[in-house]
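Notes for the one structure printed next.
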Amino acid sequence: MMLLAAFGTLLSRYSRQDDIAIGTPIANRNRAEIEGLIGFFVNTLVIRSNLGGNPSFTELLKRVREVTLEAYTHQDIPFEQLVDELKVERHLNR
Numbered sequence: 002m003m004l005l006a007a008f009g010t011l012l013s014r015y016s017r018q019d020d021i022a023i024g025t026p027i028a029n030r031n032r033a034e035i036e037g038l039i040g041f042f043v044n045t046l047v048i049r050s051n052l053g054g055n056p057s058f059t060e061l062l063k064r065v066r067e068v069t070l071e072a073y074t075h076q077d078i079p080f081e082q083l084v085d086e087l088k089v090e091r092h093l094n095r
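Structural data, given as structure tokens:
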């Protein structure tokens, strides 16, 4: 989580944005019945970090930890379904 916080800080500084979303792959093998199966079960998990208020790195680590653990609880939702439900406008140039 320390690397995620550091990467979020780097992206925030370069983009001059306080609200950063980072997509990361997750194995999505959290059920015992599929642990032994062979196959591609990877899903994309979006970790959103808010760096507003100029937090200390310790405070940022706490925020990232909370958001990451909360995101893990929702890892069963496919990323494409999430995008469809939110009706996110997509641009080919981004």
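So the sequence shown is numbered by the working numbering: it starts at 2 and just counts up by one.
Glycine residues also receive a C-beta, built at the ideal position from the N, C-alpha and C atoms.
query: Exposure label - valine 65; buried when at least 16 CB within 10 Å; result: buried
query: For methionine 2 and leucine 62, the rounded distance between their alpha carbons; result: 7 angstroms
query: Coil, strand or helix - arginine 32 by DSSP; result: coil
query: Isoleucine 48 burial status per 10 Å Cβ neighbour count (16 or more: buried); result: buried
query: Own chain residues within Cβ distance below 8 angstroms of glutamine 76, not counting five before or after; result: Ile27, Asn29, Asn31, Asn44, Leu46
query: DSSP three-state assignment for aspartate 85, whether helix, strand or coil; result: helix
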